[in-house]
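Undergrad: Throughout the sequence shown, residue numbering follows this note's numbering, covering 5 to 609 in sequence.
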Amino acid sequence: MRQNQFEVFQLPGQGHLAIKTGFNWPAFFLTWIWAFHRRLWGAGFALLTVWCLLGAAIIGVFQTHPVAATLLGLAFHLTAGFRGNHWRSKSAEETGCRFRARVPGASASDAIARLIHHGDELPPEWRFRSASGGLRWVPHHFQQIAAIAWLTWKAAFRYRLFLVLLGLLLLAVVALPALIKDDGTASGFVQIMLTYTLASITALLGLATLWLACGTLARDIEECQMQVVAVKPVPRWRIWIGKWVGIMSLNAVLLLLAGGAVYSLLLWRAQQLPPDEQEKLRNEVLVARASVREPVEELSVADRERILQERLREISRTAPDQPPDLALMRQQIEEAYRSYQQLVNPGFVRIWRLDFGMAANRFQDDRLYIRTQFNAAQTNETGTYLGLWQIGPTNSATPWRQAMSLAADTYHEFEVPPGLIGDDGILTIQFINHNDTTLLFPLEEGMEVLYREGNFGLNYARGIAILFCWLGLLASLGLAAASRLSFPVAAFFSLGVLIVAFSTGTMNQVIQEGGILGINPDTGYILQPDLIDQIAVGIFQALLAVINLVRGFSPIDALSTGRSITWGELAAAISQIVLLLGGLFAAVGITLFNRRELATAQGTQ
Numbered sequence: 005m006r007q008n009q010f011e012v013f014q015l016p017g018q019g020h021l022a023i024k025t026g027f028n029w030p031a032f033f034l035t036w037i038w039a040f041h042r043r044l045w046g047a048g049f050a051l052l053t054v055w056c057l058l059g060a061a062i063i064g065v066f067q068t069h070p071v072a073a074t075l076l077g078l079a080f081h082l083t084a085g086f087r088g089n090h091w092r093s094k095s096a097e098e099t100g101c102r103f104r105a106r107v108p109g110a111s112a113s114d115a116i117a118r119l120i121h122h123g124d125e126l127p128p129e130w131r132f133r134s135a136s137g138g139l140r141w142v143p144h145h146f147q148q149i150a151a152i153a154w155l156t157w158k159a160a161f162r163y164r165l166f167l168v169l170l171g172l173l174l175l176a177v178v179a180l181p182a183l184i185k186d187d188g189t190a191s192g193f194v195q196i197m198l199t200y201t202l203a204s205i206t207a208l209l210g211l212a213t214l215w216l217a218c219g220t221l222a223r224d225i226e227e228c229q230m231q232v233v234a235v236k237p238v239p240r241w242r243i244w245i246g247k248w249v250g251i252m253s254l255n256a257v258l259l260l261l262a263g264g265a266v267y268s269l270l271l272w273r274a275q276q277l278p279p280d281e282q283e284k285l286r287n288e289v290l291v292a293r294a295s296v297r298e299p300v301e302e303l304s305v306a307d308r309e310r311i312l313q314e315r316l317r318e319i320s321r322t323a324p325d326q327p328p329d330l331a332l333m334r335q336q337i338e339e340a341y342r343s344y345q346q347l348v349n350p351g352f353v354r355i356w357r358l359d360f361g362m363a364a365n366r367f368q369d370d371r372l373y374i375r376t377q378f379n380a381a382q383t384n385e386t387g388t389y390l391g392l393w394q395i396g397p398t399n400s401a402t403p404w405r406q407a408m409s410l411a412a413d414t415y416h417e418f419e420v421p422p423g424l425i426g427d428d429g430i431l432t433i434q435f436i437n438h439n440d441t442t443l444l445f446p447l448e449e450g451m452e453v454l455y456r457e458g459n460f461g462l463n464y465a466r467g468i469a470i471l472f473c474w475l476g477l478l479a480s481l482g483l484a485a486a487s488r489l490s491f492p493v494a495a496f497f498s499l500g501v502l503i504v505a506f507s508t509g510t511m512n513q514v515i516q517e518g519g520i521l522g523i524n525p526d527t528g529y530i531l532q533p534d535l536i537d538q539i540a541v542g543i544f545q546a547l548l549a550v551i552n553l554v555r556g557f558s559p560i561d562a563l564s565t566g567r568s569i570t571w572g573e574l575a576a577a578i579s580q581i582v583l584l585l586g587g588l589f590a591a592v593g594i595t596l597f598n599r600r601e602l603a604t605a606q607g608t609q
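1) Less than 8 Å between the beta carbons of LEU82 and PHE32, yes or no?
2) When DSSP labels each residue in this structure, what does LEU431 get in the three-state scheme?
3) Suppose the cutoff is 8 Å on Cβ atoms and the five residues either side in sequence are ignored; what does the same chain contact list for ASN598 look like?
4) Can you find the residues in the same chain that come closer than 6 Å, C-beta to C-beta, to SER487, ignoring five residues on each side of it along the sequence?
5) At which residues does the alpha helix (DSSP H) containing GLN336 begin and terminate?
6) Does the distance from the CB of MET197 to the CB of ALA479 come in under 8 Å?
7) Can you tell me where the alpha helix (DSSP H) with GLN580 in it begins and where it stops?
8) Where does ILE184 sit, in a helix, a strand or coil, going by DSSP?
9) With THR322 as the anchor, note down where its alpha helix (DSSP H) starts and where it stops.
10) Per DSSP, which residues does ALA61 bridge with? Please list them.
11) Could you have a look at PHE355 and say whether DSSP puts it in helix, strand or coil?
12) Assign PRO104 to one of two classes, buried (16 or more other C-beta atoms within 10 Å of its C-beta) or exposed (fewer than that).
13) So, does the stretch 467-483 touch the stretch 414-431, judging by three or more C-beta pairs under 8 Å?
14) Can the beta-carbon of ASN28 be found less than 8 Å from the beta-carbon of GLY88?
15) Does the stretch 490-497 come within contact of the stretch 314-328, defined as at least 3 CB pairs closer than 8 Å?
16) Per DSSP, which residues does GLN14 bridge with? Please list them.
17) Beta-carbon within less than 6 Å of LEU270's beta-carbon, same chain only, minus the 5 sequence neighbours each way: which residues are those?
18) From ILE523 to VAL541, what does the alpha carbon distance come to, in whole angstroms?
19) Output needed for THR527: all residues of its chain with C-beta closer than 8 Å, excluding positions within five of it in sequence on either side, in chain order.
20) Would you give the residue range spanned by the alpha helix (DSSP H) that ILE196 belongs to?
21) Which of helix, strand or coil does DSSP assign to ILE530?
22) Name the residue from ALA79, TYR464, SER498 whose alpha carbon lies nearest to the alpha carbon of LEU477.
23) Just mark ILE355 as buried or exposed, buried being the case when its beta carbon has 16 or more other beta carbons within 10 Å.
24) Is GLY387 closer than 8 Å to HIS438 when the C-beta atoms are compared?
25) What residue range does the alpha helix (DSSP H) around GLN147 cover?
26) Within its chain, find whatever has a CB closer than 7 Å to the CB of PHE378; leave out the 5 residues flanking it on each side and keep chain order.
27) Cutting at 7 Å between CB atoms, please list the residues of its own chain near ARG375, excluding the five before and the five after it.
28) Which partner residues does PRO108 have in the DSSP bridge list?
29) ASN552 bridges to which residues according to DSSP?
30) With DSSP run on the structure shown, which of helix, strand or coil describes THR398?
31) Suppose the cutoff is 6 Å on Cβ atoms and the five residues either side in sequence are ignored; what does the same chain contact list for TYR373 look like?
32) Between THR99 and the rest of its own chain, which residues show a CB-CB distance below 8 Å, the 5 nearest in sequence each way excluded?
33) What did DSSP end up calling GLN513 once you bin it into helix, strand or coil?
34) Look up SER611 in the DSSP assignment and give the residues it is bridged to.
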């Protein structure tokens, strides 16, 4: 039968009171009702107040975001569940009850019976109230992890790391926008207040996380403090996880403080912009906008082979003695088809049909924003290129038309009136090239339509959560390195891994050229790859496959352009960054830590 832990108190008169430690399910489900039933008046009124405020926030702010409302409610109920038994124990002591022992038992009556049976001769382990001191409210199975996390916090305060980091973060939040003045426009303001500030915060916390992760485990081993902990009945994997939880809880507090300061300053300083720039800021940045793109149409295999056969017949007539390179010809056909979709010759029209699907009715009356980019085959004297934009159904008698002169090689965003989406959910965009040169609209980034999907506050919170996921990965990396290496070597190794992760361009080049030797400068041909090249290509392909799992999550860019960070993206970040890649580092680190001989750690490093 499963044994629970009970704190048994001696009542002021006769009898005993047994209170189970760990999670309290009645408190989780009933919260303030349970507290009043147990005569916990202070906790009951506090829970009732928070319950009312939470209900008002859900109705007023999170009504259209059921996932966020569910998470807030779950956090409220979990707090009551985790703290419920601790509140009961504290209330019992305040009413004069005296703690006797911490007794295992199947039920409260069973724990009291065991205590009475032993009398004054209690087992030594019963006399200690909790192995985690002030962490009695933590579930029993997690108390060892919580104790290690608390020791990590104490070490951070002992070395003044927390205070130093807090000062640097506040300096980055307050001093950076003050030193770097924006140009008075919404884009310049956002570049300073969001892009630079959040990037500085992420860099500071990232480096501090690596330093603390490498130092807290490696130095504990080198200074023989870990040997004292390891001889206790605490599995080494719980020590490792406890270190990670301590580092991440420290990051959570610092990131919340810095992120909250950035958000508050952003809203406050936005009021100092000119009225037209404030309007642009509210519509284009301080929102959560989703986008719709035209799907890239690939050339079918049948069409590609048909074109290939036509070209082969042409070659057989003109150059029968020249053997054709089929792979090269297929590649040229693919590139020609992509060019056909991207190029707009002088006087020609390019049409995009963007499908909003079932959501078209929701955005029929909302503002839409066209975001476009193009390249010019030849530059002109002015650097701008004239084009006529026509947006709306093709059978519409009054489509939206606007002639614009736009610069090449840069993004442009302009607003179009609502009501232009057709009854079939398709938004039709036409562009007529009125220039003497060909314009190229990239398939992936040449055209997209942005529309409002949510508010900025919740979008900002999801972006901060993704940054927190990145810090979790860095903490796992640093702890994994420190599980086997000394502090300086672990820090050097961790930085080396980051440098490799940022070198995706070099790895892509090696893969494309088929090896590390590259191209012969005399002939211009790719050198014949040898065994070393084949091994290098295989390693780089494997590294890119891992890096590509996490490199696509960039919340700072999304926030600075008003892009929506969906709950699905946040879930993907948690699963791929923290659970998958971070879990891989954790598995390696725990394995190395379990096999490490701590007694000889000083002499071998």
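Cβ atoms here follow ideal geometry from the backbone N, Cα and C, with glycine treated the same way.
TA: Based on what the coordinates show:
1) Your numbering for residue 82 matches position 78 in the sequence shown. Your numbering for residue 32 matches position 28 in the sequence shown. Yes, they are a contact pair.
2) Position 427 of the sequence shown, counted from the start, is the residue given in the question as residue 431. The answer is strand: DSSP assigns LEU431 an E or B state.
3) For this step, residue 598 is matched to residue 594 along the sequence shown. Only ARG240, TRP241 meet the Cβ criterion.
4) Sequence index remark: in the sequence shown, residue 487 carries index 483 (1-based). These residues qualify, in order along the chain: GLY593, LEU596, PHE597.
5) Here residue 336 refers to the residue found at position 332 of the sequence shown. Per DSSP, GLN336 belongs to the alpha helix (DSSP H) from 330-346.
6) Within the sequence shown, numbered from 1, the residue matching residue 197 stands at position 193. Within the sequence shown, numbered from 1, the residue matching residue 479 stands at position 475. Against a cut-off of 8 Å, the Cβ pair of ALA479 and MET197 comes out as no contact.
7) Within the sequence shown, numbered from 1, the residue matching residue 580 stands at position 576. Per DSSP, GLN580 belongs to no alpha helix (DSSP H) and is neither H nor E.
8) For the purposes of this step, residue 184 is taken as residue 180 along the sequence shown, with counting starting at 1. ILE184 sits in coil when the DSSP states are folded into three classes, being neither helix nor strand.
9) By one-based count along the sequence shown, residue 322 stands at place 318. Residues 305-322.
10) Your numbering for residue 61 matches position 57 in the sequence shown. Answer is none; ALA61 lacks a bridge partner.
11) What you label residue 355 is simply residue 351 of the sequence shown in a count that begins at 1. The identity of residue 355 in the sequence shown is Ile, whereas the question assumes Phe. Reduced to three states, the DSSP call for ILE355 is strand.
12) Locating residue 104 in the sequence shown gives position 100, where the first residue counts as 1. The question names Pro, but residue 104 in the sequence shown is Arg. It counts as buried.
13) no
14) Here residue 28 corresponds to residue number 24 of the sequence shown, with the count starting at 1. Here residue 88 corresponds to residue number 84 of the sequence shown, with the count starting at 1. Contact: yes.
15) no
16) Counting from 1 along the sequence shown, the entry for residue 14 is found at position 10. Paired residues: HIS20, ARG102.
17) Walking along the sequence shown from the start, residue 270 turns up at place 266. Counting only Cβ-Cβ distances below 6 Å, and skipping sequence neighbours, we find MET197.
18) Locating residue 523 in the sequence shown gives position 519, counting from the first residue. Locating residue 541 in the sequence shown gives position 537, counting from the first residue. Because ILE523 carries a pLDDT of 48, less than 50, the predicted location of this residue cannot be relied on, and no value is offered for it.
19) The residue labelled residue 527 in the question sits at position 523 within the sequence shown. Caution applies to THR527, whose pLDDT of 44 falls short of 50 and renders its modelled position unreliable; the value that the coordinates give is listed next. Excluding sequence neighbours, THR527 sits near nothing in its chain.
20) Indexing the sequence shown from 1 puts residue 196 at position 192. No alpha helix (DSSP H) holds ILE196; DSSP gives it neither H nor E.
21) Looking up residue 530 in the sequence shown gives position 526. Here the model assigns ILE530 a pLDDT of 46, short of 50, so the residue's position is not dependable and the matter cannot be decided.
22) Here residue 477 is taken as the residue at index 473 of the sequence shown, counted from 1. The candidate whose alpha carbon is nearest that of LEU477 is SER498.
23) Stepping through the sequence shown from its first residue, residue 355 is reached at position 351. Label assigned to ILE355: exposed.
24) Numbered from its first residue, the sequence shown carries residue 438 at position 434. Numbered from its first residue, the sequence shown carries residue 387 at position 383. Not a contact, by the Cβ cut-off of 8 Å.
25) For the purposes of this step, residue 147 is taken as the residue at position 143 of the sequence shown. 147-162 is the span of the alpha helix (DSSP H), which, as asked, contains GLN147.
26) Along the sequence shown, read from residue 1 onward, the residue named residue 378 stands at position 374. Correct list, in chain order: ALA412, LEU443, LEU444, PHE445, GLY450.
27) Position 371 of the sequence shown holds residue 375. Excluding sequence neighbours, ARG375 sits near TYR415, GLU417, GLU452, LEU454.
28) Residue mapping note: residue 108 aligns to position 104 of the sequence shown, counting from 1. PRO108 is bridged by DSSP to GLN9.
29) Within the sequence shown, residue 552 is the residue found at index 548, counting from 1. DSSP lists no bridge partner for ASN552.
30) Position 394 of the sequence shown holds residue 398. Coil, per DSSP.
31) For the purposes of this step, residue 373 is identified with residue 369 of the sequence shown, where counting begins at 1. The residues are GLU417, GLU419, LEU454.
32) The residue you call residue 99 lines up with position 95 of the sequence shown. Correct list, in chain order: PRO16.
33) What you label residue 513 is simply residue 509 of the sequence shown in a count that begins at 1. In this structure, GLN513 counts as helix in the three-state DSSP scheme.
34) Any property of residue 611 remains undetermined from this structure, which presents the chain solely from 5 to 609.
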